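What follows is one structure encoded as structure tokens, with my remarks underneath.
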Amino acid sequence: SQTIHQWPATLVQPVGSPLSLECTVEGTSNPNLYWYRQAAGRGLQLLFYSVGIGQISSEVPQNLSASRPQDRQFILSSKKLLLSDSGFYLCAWTVGSYGYTFGSGTRLTVV
Amino acid sequence: QQQVKQSPQSLIVQKGGISIINCAYENTAFDYFPWYQQFPGKGPALLIAIRPDVSEKKEGRFTISFNKSAKQFSLHIMDSQPGDSATYFCAATSGSARQLTFGSGTQLTVLP
């Protein structure tokens, strides 16, 4: 069966520290992968998407970057976190169909 | 520019009542319109979806109504239950990469 793993579930990081969030998908090949951010009580904002290894498209210019080193691995990074980077980060995937499957999310608090 | 507008922001319904959430879009390239349900601390889960060549789709207590000419679509939850209390997002997708554009969300509370 197809599953998506996202970790860690929660993270508290100081301002200026680096960030690495990882997402992996199992049971499928060549998925489209997405990173979304959800601020408290707000909607979902698309940050990055990838249609293949090494292919990254950015939707919003910001303090974050993404990489896809393997077919089913998607990483969200930052060199120096800002307070405004706090939020709920969600990874999602889709393959050939129209429906997204979301991971369980990472709650990031920058202090 | 917000491409999918969702209303209301919050909704309170009595148990057994009908919950109605509305969305409007601008981009005529959208070709798939899903609704997602999100519980606190969880990722959104696909609830029901519709293609623009269909005016209505029903799955159990959940119905999507779609008006292509008006560029509007809505979610109806019949016989609403306290367990339906969650945040609901409409969305629309287009393009080969199937990027989803979300509405701002509706927090639904169903009173027992």
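Heads up: the protein sequence lines correspond to chains A and B, in order.
The first sequence lines up with residues 6 to 116 when you count with the numbering used here.
The second sequence lines up with residues 508 to 619 when you count with the numbering used here.
Built from N, CA and C at the ideal position, the CB exists for glycine as well.
The structure presented is a predicted model; accordingly, all values stated were derived computationally and were not measured.
- In this structure, K512 (chain B) keeps its C-beta atom at 8 Å or more from the C-beta atom of G612 (chain B).
- Contact between I557 (chain B) and F573 (chain B) holds, since their C-beta atoms are separated by about 5 Å, short of 8 Å.
- In the structure shown, L615 (chain B) falls within a strand segment according to DSSP collapsed to helix, strand and coil.
- Around the C-beta of G32 (chain A), fewer than 16 other C-beta atoms lie within 10 Å, and the residue is accordingly described as exposed.
- Straight across, the Cα-Cα distance linking S576 (chain B) with V520 (chain B) is about 29 Å.
- Neighbourhood of F596 (chain B) in chain A, by CB distance below 9 Å: G48, L49, in chain order.
- In this structure the region 54-62 of chain A does not lie against the region 7-22 of chain A, because fewer than three pairs of beta carbons, one per stretch, are closer than 8 Å.
- When secondary structure is reduced to three states using DSSP, G590 (chain B) falls in the helix class.
- Under the three-state reduction of DSSP output, S22 (chain A) falls in the coil class, being neither helix nor strand.
- For N37 (chain A), the residues of chain B that pass the 8 Å Cβ criterion are A604, R605, in the order they occur in the chain.
- Secondary structure note for S83 (chain A): its beta strand (DSSP E) is the uninterrupted segment 78-83.
- In the three-state scheme derived from DSSP, where H, G and I count as helix and E and B as strand, S603 (chain B) is classed as coil.
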